[in-house]
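J.:
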Amino acid sequence: MQPMARRTILAAVLLAIVVMAVLALPPRPVAVETARVDRGMLQVTVGAEGRTRVRERYVVSAPVGGHLQRIALREGDRVERGATVARIDPLAHTSAVSEALAQLDEWRAQRAGVATMRVKPETMEQAQRRIDAALVATRRADVEVQRARAARDQARRDVERYRRLAAEGAVPRRELEQIQLRAETSANEYEAAALQTQISASELAIARASLRELQAKNRDPDYLERVYDARTAAIEAELSHLRAEAARTEVHAPASGVVLRVVQQSAQYVAAGTPLLELGDPRYLELVIDVLSQDAAQIAAGDPIRIDAGAAGSAIPGRVRRIEPSAATKVSALGVEEQRVNVIGDFAARPSGIGDAYRVEASIVVWQKSDAMRVPNGGLFRCGDAWCAFIVENAWARRRTVTIGQRNDEFAEVRGGLQVGERVILHPADRIGDGARIDVRR
Amino acid sequence: MRTLDHKLLRDIGSSRGQIVAIALMVACGVALFVAMLTTYQSLERSQRAYYDAARFAEVFAHATRAPRSLGPRIAAIPGIDALQMRVVADVSLDVPGRDEPATGRLVSIPERSRPPLNDLFVREGRYLQPADRTQVLVSEAFADANGLRVGSTIGAVINGRRQRLHVVGIALSPEYVYAIRGVADIWPDSARFGIIWMGEQALSAAFDMKGAFNDLAVTLTPGIDTQTVIERIDALLARYGGLGAYDRTDQPSHRYLSSELSELRVSVVMVPAIFLGIAVFLLHLLLSRQVGTQRAQIAVLKAFGYANAVIGLHYVLFGLLIVAIGAVLGIGAGLWSGWKLTHYYAVFFHFPILRYHAGIELLAATVMLVILAGVAGSLSGVRAAVMLPPAEAMRPQPPARFRPSIIERIGFRRVLSVPTRVVVRNLERAPLKALLSCTGLALGVATLVVGRSTYDALDLMLTHQFYAAEREDAVVAFDRTLPLRARWELGRLPGIIRVEPFRAVAVRLRSGHHSRRVVLIGLEDDASLRRIVDLRGRVSRPPRNGLLLTGKLAQVLGVTPGDRITLEVLEAAKPTMAARVVATVDEPIGTTAYMELGALDRLLREGPTISGAYVAADARDRNVLNAALKRLPAVAHVAFREQTIENFRSTIAEVLAISTTLLITFASVIAFGIVYNTARIALAERGRELAVMRILGFTRGEITLVLLGEQAVLTGAAIPAGLALGYAISLSLSVAYSSELYRIPATVSRATGAFALLVIAGAAFVSAFLVRRQLDSLDLVAALKIGE
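Right, here's the structure in full:
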C-alpha cells in the first residue's frame, strides 16, 4: 500500500470520527406532540356550580295546630290537586276556644246582671193595682158624694117643711130640732164625701205618677243590655269560627305533582304553619347558578348553558332565563368573601335522570364562534407581551408570534400568525428553540 | 542488595512513562475508593451521631385530631421508650422578597423545655421563650435560601388567618435532614419549603388543637418488633383519624438519606474495582515485558548467586513501588475529594455538624487493597523471573512463531501491506493480551458512557416528567379537601387559563403479605395538563372501574392487571374494600395509584371534593397570580413547574459539570494508560525489529503503523464494544437502582456516545503521538545492540 493511500485512509478515519461526532453531538431531536390549527366551535364560558330546582314548589304546611297523623305519602309519590295529603286531629280545647268560651260566659253573666237592675214586675203590678184601686175608690167617692148630696138636699127640704109645720106648730119643736140635726149631719156627710172624692182623685194621681216613675226606671238598662248583647254576639261568632277551624282536619294538595320531600313523616303535634311536605313537578326543572358578580356582568339572558350533571354522557343544553338583580356576600370554598349572584336558567329539553336540587356543573357560554380558527392552549407560550407558538416545518420547529382573541380553557382563537392546517408543538420543552430539530410523536 | 536497589531505581527511571500511567490508574482507583468510602463513612457517622444526639424518633404517625389524654395509653404500649405529641400543619408562607408563596411546615415544640424527641439543633439565635407567641425557629436551609436571619419576620396564613411570625432562631432537626414535603417530591426545594418550629401553646391555639395533637413520634426500646408497635399505635389512633403509623424506612428524610447512602456503598465497590483491575492488567503487562527483556540480567544475577526469592522480591518491589506511588497520590486526592464531596452533600443533607472523617482502618484497608493489587499485577512476571533457569536465560528469548494470520490465509494477503500484516499477526499471536487491552479500553469507553448516560436518563426523566406528564404551570394544593366548586374559584384568579382538579388520598394497598402506603390520586378523565404517561410517551387514562398502578408498585405488591387487591383508605370515612388493578404504567418517579376523580369520590363515599389543582397560567400575570394565591387561606402550597425545572436543571448542571470533568479525567487516564503502555511495551519488545525495518527501508510512517496500528485496531474495536458495554451497564444500573422512589431509565443518547468516542479517540491519539515521538528518536544502533 502506498503511503499516500495510507495517509488518505488515516485522514478518512479521522474525518469519519469527526463527522460522526459532529452529527451525534448536537442534541437529538426532541420528541414532541403536536396539534393542528383548525376551525371549529370555540366557546368562552363562565363556569360555576349550580343546582336544579323544580320551577313551582309547593310547601304544604299545617293549616291548624293539632295532632298530625302519620303521613303515608313517600317522596316520589304522585299527588293530584285536591287530594288529601295529611290529616290533623282537631284540638279538644284550644286555649283560644276556652278563652272565647270564658269571655262568652262573662258577657252573658254581665247581661244577666243587667236584668237585676230593673224594677221588679210585681212592683209595677202593685203600682197598677194601686191605680186600679184608686180608680175604684174615686168612683165610689163620686157615688158617695151623689148619695150624700141627695141625702142633704132631702134633709134641707125636710127642715123647711118642719119649720113651717113647727111654726104652725103642727109638729113639736123637738121633732123640728131632730130634723134640723139630720139636715146638718147629711150636709156634713156630703162635705165629707166631697172631700173623699178629692182624696181619691189625688190618690189616683199619686198611683199614676208612681207607675210612670217605675216605668221610667225600667227603661234605663236597655242600653247596657244592647252592649252586652253585641259583645256576646261577637264572642259567639269567634267561637263558631274557632269551632270551624278545629273541625278542618284534612290537608289537601294545592297542586298536582310529586312529593319532593316529606318534612314531617311521623305522627306528632304540630303548630299551625309547620311545613309538612313539599310538592312539585320534577319534570319542570330550572337551574340556579351562583356566579361571581363580576362574571354576571358578562352574562345576558338567553346565553346558552352547558350543564354537566355528573352523569356519564354529554352535557345537557340550557339557556339563561334571568339574572337576579341582587347579589349576596358569600365565603368561597377558598375562604374569601365575594359577591355572588343567582343566575336562573332553563333546560332546553326535559332532562332525564336529574331531579330537584341536584348539583350540576354549569358552563354559561358568554361568547362563541362556530368557525373560529383555534389552537390548543398547550401550543401557546408567552414571549414578552405577545403569544408565540412553535409550528412544525418538516422536522424543524419554527417560532411564530400569534395574535389571539378569545380563549377558553382548551383553545384560543387565532387572529393572526397561524394558518389552518399548520401543526403546533404542544407544551414545548425548554430545549426547543426556533429551528430546533424535532421528532413528532405519533 | 544494593545492586538490586540500584537496578530497581534504574528500571523505574527507564520506564517512567508507563509507570506514571499505571500509577495514575492506581491513583484514580484509590482516590475514588477513598473519596467514596470516606464520604460514605462521614455521612453514615454523622447520621448516626445526629440521630442519637437528637433522639430521632423511630415510629411516626399522623392523625386528624387526637386528645392528649391518649398519651399515657400510647406510652403504655410495650416497647415504646419515649413519645412526643405534636401539632404539625402545612401553611402558606409569605416570605419577604419572594413573589410566590412558600410552604411552611409548622411543627409544635414545647415552650418551656426542649422537645423530648427530634430535638432541634439551634444554629443561630435562641430557643423559644414562653412569653411571645409569634416567635418561631426556622430551618437552616429555608433561612439560607430566603436570606432569613434572626429577627426577620415572615407572614403565614395560619388556619385562614394571616399572622406575622418572628424568627428567633435558625435550627436543624433530624427529621428534616433531607427537607422534602413528602415522598412524592424528589428534589428538596429549600427556597419554597421550610420547617417552622412554633410554640405548642400558640400552635394548638391557632389550629384549635388545644389538648390535642395530630402528629406522634416515638422511640422504641431495643429489640422490640416495630411492626407490633405500629399495629398497636394504629389501633389507638384509628378513632382519631390516624393515617397509619410508619417506621423510619418510610420517613421521607431518612428514606432518601439511606437510599443515597446505600447507592454510595454500591459505588464504593464498583467504580474503583474497574480502575484497579485495569491497573493490575497493565502492571502485569509491564512486568512480564520487564522480565522478558531482562532475561539475560536475571540469568546473570542468578548465576552470581542471588536467590530466587530475592529476585522475586525485587520484581514484587518494582510492582509495589509503582502502586505505592499511585496509592500515595490516590489517598491524597481521595481525601481531598472526599472532603469536597462530603461538603457537597451538605447542600442536600442538613446535619448540624457534617465532619469529614477518614478512619485509620480505612487507610489500612486501602493500603492492603493496593498491596494486593500490586502483588496480583506482579505475580505472573515474578513467577516467570523466578522460574527462569539461569542457563536458558542466558540465551536470548526464542523468537515467536511468525506465520500468516487467518486474515491473510483467507485471501486478504494481497490487500495488506507488510506493516499491516505485522499488525494483524501480532494481534493474532497474543489474543489474550489483545482481548485484555481491548477490554480495558472498552471499560474506559463504558465509564464515560455510564457516567454521561446518568444525565441522559435524568434529562429523559425531566422531559418526561415536566413536558409529557406534568405540563401544568403550577400545582396548587389546599390545606384540606374542598368542594369541587373551588375549581371555578381558582379559575377566576388572574391569568389562570385552565384548572384541572385532583384528589389525593393516603391509602394502604395490600396484596397477600405485601402492603404499601401510597397516595391514590384522582384525576379527571380529560386531563391534559397532568397526564399519566409512561416513558415511551403512551398516555393512560385514569380508570373508572379500578386502579392504575405505577409498574414498580404493582411489582412490589406482586400483582398484575386483572388482580384484585385490598384498598384501605386512611382518610375520611376510612373504608376498606377490594379493588381491581386495571392497568400499570411505567413511570420513572415515585409509586402512585391512579383513579378517575369521580370514581375516587364515589369510592371515598364523598361528594365531589378536591385536594388541589394543576393550573395553566399566563406567564405574564405570574406576579399578580402569586399575590392572589398568597392571600387565599385555603392554599397550603403552590409549586411552579418552571421553578422546579430550573431548580432541577441548575443542580443537575452543577453536578454534571463536576462529574464530566472527573469522567474525562478518568477515561483519559484509562485510555492513555492502556494505549501508551501497550505501545511502549511493544516498542521495547520490538525495538530491534523496528530498527531492522527502518534499516531495510521502511519509512517512519510505516514502522509507526506497525507499532501503533495494533493499538488503533484495539481502540477501534474497543469503542463499539465499550458503547455496548456502557449501555449494558446503564441497563443493569437502572435495574439495580430501581427503587420505589425512582427508576432511572436506561438511555444512552447519541451525544453521550459521541462524547465517549471523542474522549477515547482523543486520549488514544495523544498517547500515540507521545509514542510516535519516542519512535522518531529511536536510536537504531542502540536498538540493534540489544541482546548480547
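Line by line, the protein sequences give chains V and C.
Number 441 marks the last residue of the first sequence (numbering that gives the first Met the number 0); no jumps.
Number 787 marks the last residue of the second sequence (numbering that gives the first Met the number 0); no jumps.
Beta carbons: idealized from backbone N, C-alpha and C, even for Gly.
1. From the DSSP secondary-structure annotation, give me the bridge partner or partners of residue 353 of chain C.
2. Nearest to residue 88 of chain C by alpha carbon, out of C/673, C/202 and C/65?
3. Nearest to residue 474 of chain C by CA position, among C/5, C/38, C/102 and C/1, is which residue?
4. Which class does residue 402 of chain V belong to by DSSP, given the choice of helix, strand or coil?
5. One question on the structure: do residue 100 of chain C and residue 637 of chain C come within less than 8 Å of each other, judged by their Cβ atoms?
6. Output needed for residue 15 of chain C: all residues of its chain with C-beta closer than 8 Å, excluding positions within five of it in sequence on either side, in chain order.
7. Please list the partners that residue 462 of chain C has in chain V, where partner means a Cβ-to-Cβ separation under 7 Å.
8. I'd like the list of long-range same chain contacts for residue 260 of chain V, defined as Cβ closer than 7 Å, with 5 residues on each side in sequence excluded.
9. Please report the straight-line C-alpha distance between residue 286 of chain C and residue 699 of chain C, rounded to a whole angstrom.
10. Chain C partners of residue 341 of chain V, CB-CB under 7 Å?
11. Report yes or no: do the segment 611 to 629 of chain C and the segment 535 to 554 of chain C share at least 3 C-beta pairs separated by less than 8 Å?
12. In the DSSP assignment, find the alpha helix (DSSP H) that holds residue 316 of chain V and state where it starts and stops.
13. Going along chain V, which residues have a C-beta under 7 Å from residue 335 of chain C?
14. Alpha carbon to alpha carbon, how far is residue 242 of chain V from residue 270 of chain V?
15. So, do the segment 59 to 79 of chain V and the segment 18 to 27 of chain C have three or more beta carbon pairs nearer to each other than 8 Å?
16. When Cβ atoms are compared, which residues of the segment 87 to 111 of chain C fall closer than 7 Å to chain V?
17. Is it a yes or a no for the segment 44 to 55 of chain C touching the segment 368 to 378 of chain C, going by three-plus beta-carbon pairs under 8 Å?
18. So which residues on chain C does residue 291 of chain V lean against when the C-beta distance must stay under 8 Å?
19. Compare the C-alpha of residue 67 of chain C against each of C/689, C/504, C/223 and C/235 and name the closest.
20. Where does residue 197 of chain V land, buried or exposed, given buried means 16+ other C-beta within 10 angstroms?
21. Taking just the CA atoms, how far does residue 571 of chain C sit from residue 606 of chain C?
22. Using the Cβ count rule (16 or more neighbours within 10 Å means buried), how would you classify residue 173 of chain V?
23. Pairing CB atoms from the segment 29 to 44 of chain V with CB atoms from the segment 399 to 417 of chain V, are three or more of them under 8 Å?
24. Could you tell me which chain V residues have their CB closer than 8 Å to the CB of residue 766 of chain C, listed as they occur along the chain?
25. List, from N- to C-terminal side, the beta strand (DSSP E) runs of 3 residues or more that fit wholly inside the segment 80 to 128 of chain V.
26. Could you tell me the boundaries of the beta strand (DSSP E) in which residue 192 of chain C lies?
27. Taking one C-beta from the segment 29 to 47 of chain C and one from the segment 267 to 278 of chain C each time, how about it: are there three or more such pairs within less than 8 Å?
28. Could you give the distance in angstroms between the alpha-carbon of residue 787 of chain C and the alpha-carbon of residue 692 of chain C?
29. Which residues in chain C have a C-beta closer than 8 Å to the C-beta of residue 433 of chain V? List them in chain order.
30. Residues in the segment 435 to 467 of chain C with C-beta within 7 Å of chain V's C-beta atoms, listed in sequence order?
31. Mark residue 313 of chain V as exposed unless 16 or more other C-beta atoms lie within 10 angstroms of its C-beta, in which case mark it buried.
32. Cα-Cα, which of V/328, V/153, V/320 and V/164 is closest to residue 346 of chain V?
33. Can you confirm whether the segment 249 to 267 of chain C touches the segment 574 to 592 of chain C when touching is taken to mean that 3 or more C-beta pairs between the two stretches lie within less than 8 Å?
34. Could you tell me which of C/356, C/376 and C/295 sits nearest to residue 321 of chain C, measuring between CA atoms?
35. Closer than 7 Å, Cβ to Cβ, to anything on chain C: give me those residues from the segment 328 to 356 of chain V, in chain order.
36. Mind checking residue 487 of chain C: buried by the 16 CB within 10 Å criterion, or exposed?
T.: With the given structure in hand:
1. Beta-bridge pairing links residue 353 of chain C to no other residue.
2. C/202
3. When only C-alpha atoms are compared, the closest one is C/102.
4. Strand, per DSSP.
5. yes
6. No residues qualify anywhere along the chain.
7. 428
8. 74, 276 and 277
9. 28 Å
10. Per Cβ cutoff of 7 Å: no residues; residue 341 of chain V is ~14 Å from chain C at best.
11. Verdict: no, contact absent.
12. Residue 316 of chain V -> not in any alpha helix (DSSP H); beta strand (DSSP E) instead, spanning 315 to 322.
13. None at all; the shortest Cβ gap to chain V is about 32 Å.
14. 17 Å
15. no
16. none
17. no
18. 491
19. If we check each option's Cα against that of residue 67 of chain C, C/235 comes out closest.
20. exposed
21. 12 Å
22. exposed
23. yes
24. Here the premise fails: no neighbours, minimum Cβ distance about 16 Å.
25. Taking only runs of at least 3 residues, the beta strand (DSSP E) segments lying wholly in the segment 80 to 128 of chain V are 83 to 88.
26. That run of the beta strand (DSSP E) goes 192 to 198.
27. yes
28. Since pLDDT at residue 787 of chain C reaches only 41, below the 50 mark, its modelled position is unreliable, and the value read off the structure follows with that caveat. Using only the alpha carbons, I get a separation of about 20 Å.
29. Near residue 433 of chain V there are no residues of chain C at all, since even the closest Cβ is about 18 Å away, more than 8 Å.
30. 462 and 466
31. It counts as exposed.
32. V/320
33. no
34. C/376
35. So the close ones are 331, 332, 333, 334 and 335.
36. buried
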